[in-house]
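Okay, so here's the structure we're looking at.
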Amino acid sequence: MTATLIACSHGTSDEAGRAAVLALVDQVRQLLPGVDVVDAFVDVQDPAVADVVDSSVAGGSAVVVPLLLSTGYHTNVDISRAIGAHPGRAVATAALGPHELLADVLVDRLAEVGAEPGDAIVLAAAGSSDPAAAVDVAATADLLASRLDADVSVGFAAGAGRRIADVVADARAAGAQRVVIASYVLAPGYFAQVIAAAGGDVVTRPLAPDTRIAEIIAERYRAGVGALSA
31 MTATLIACSH GTSDEAGRAA VLALVDQVRQ LLPGVDVVDA FVDVQDPAVA
81 DVVDSSVAGG SAVVVPLLLS TGYHTNVDIS RAIGAHPGRA VATAALGPHE
131 LLADVLVDRL AEVGAEPGDA IVLAAAGSSD PAAAVDVAAT ADLLASRLDA
181 DVSVGFAAGA GRRIADVVAD ARAAGAQRVV IASYVLAPGY FAQVIAAAGG
231 DVVTRPLAPD TRIAEIIAER YRAGVGALSA
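So for the sequence shown, the working numbering puts the first residue at 31; every next one is plus one.
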């Protein structure tokens, strides 16, 4: 029996954010016909990931793919606990980032807002108390910088690391005529609002939905199926 793909996102009360995630998951379903793709959440929305894992493994096996851009508390605690009760029948994959395709999406989002050579670019992430999350975001910044052939600074809306507004202020103090914030969040919601209010001259829209992100999810799922079979 084919393993269920549990698409586990953070959860949000923002209607536009919910719609963006649902659209992304629908794109995954189109890429993986024949695979049961179900939604789950670590916060705010139901059903909770632990409950979805429990019900999914009752009839087979499950692969939890975090619809999260970096590792952090939710991957290391919430999702790990959910699969921990079902060894051999449920696995969790890596977060979506860092990934080459995410950097490609970021480049396109910057092009949409007219980012130009000479603009100061700030990659703005939600943030986490887990230092590993900052490492993941820094890796994404490096991927983006290599595509732009320009420096990319990093700021965070919460958690460890420098706040986005401070990074923007530093760019202006260094002489930047225009600061463009690249939103490194999947969907509209609280963190997207914090990023939008951080003082950039231009702010890109969130990343989802995008078929390239759906491709990452499908890639993670296939790796998880391989881990179940190992």
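Don't be surprised by glycine CBs; every beta carbon is placed ideally from N, CA and C.
Contact belief for residue i with residue j at Cβ below 8 Å, rounded distance in angstroms
i, j, result
"Val93", "Val121", "6 Å"
"Ile36", "Val72", "Not quite, the Cβ-Cβ distance comes to about 11 Å (not below 8 Å), so this is no contact."
"Ser159", "Ala190", "6 Å"
"Ile151", "Leu173", "About 13 Å; that fails the 8 Å criterion."
"Val135", "Asp44", "Incorrect: roughly 20 Å between the Cβ atoms, too far for contact."
Assigned exposure category for residue i - 16 Cβ within 10 Å defines buried
i, result
"Val233", "buried"
"Thr42", "buried"
"Gly185", "buried"
"Pro161", "exposed"
"Ser259", "exposed"
"Asp56", "exposed"
"Arg111", "exposed"
"Ala124", "buried"
"Tyr154", "According to the sequence provided, residue 154 is Ala. The question's Tyr does not apply to it. Burial call: buried."
"Asp76", "exposed"
For residue i, the first and last residue of its enclosing beta strand (DSSP E)
i, result
"Thr34", "34–39"
"Gly185", "182–186"
"Ala46", "Note, Ala46: premise wrong, no beta strand (DSSP E); alpha helix (DSSP H) at 45–61."
"Val210", "209–214"
Closer than 7 Å: residue i CB and nearest the ligand MG heavy atom
i, result
"Pro96", "Annotation note on the ligand MG: not contained in the displayed structure, which lists no ligands."
Rounded straight-line distance, which links the Cα of residue j to that of residue i
i, j, result
"Ala78", "Val87", "15 Å"
"Ala199", "Pro128", "26 Å"
"Pro218", "Ala50", "8 Å"
"Leu98", "Asp149", "28 Å"
"Glu146", "Pro117", "50 Å"
"Leu62", "Ala248", "7 Å"
"Arg139", "Arg48", "20 Å"
"Ala253", "Arg119", "14 Å"
"Ser69", "Val210", "The amino acid at residue 69 is misidentified as Ser; the sequence shows Asp. Taking the straight line from one Cα to the other gives about 33 Å."
"Gly230", "Leu126", "26 Å"
"Tyr220", "Asp81", "25 Å"
"Ala195", "Ser100", "21 Å"
"Thr32", "Ser91", "8 Å"
"Ala204", "Arg59", "46 Å"
"Val83", "Gly144", "43 Å"
"Ala227", "Ala188", "13 Å"
"Leu132", "Ile243", "7 Å"
"Gly157", "Ala163", "7 Å"
"Val197", "Ala206", "12 Å"
"Arg193", "Val255", "38 Å"
Terminal residues of the alpha helix (DSSP H) in which residue i lies
i, result
"Ile225", "220–226"
"Ser110", "110–114"
"Val255", "241–259"
"Arg202", "194–203"
C-beta neighbour in chain C for residue i, strict 8 Å
i, result
"Asp108", "This model lacks chain C altogether; it includes just one protein chain."
Next item on the list: Output the residue ranges of the beta strand (DSSP E) runs that lie fully inside the segment 141–188 and measure 3 residues or longer, sorted by chain position.
Entry: 150–155, 182–186
Item checked: Any beta strand (DSSP E) of 3 or more consecutive residues that is wholly inside the segment 68–136 -> 92–96, 120–122
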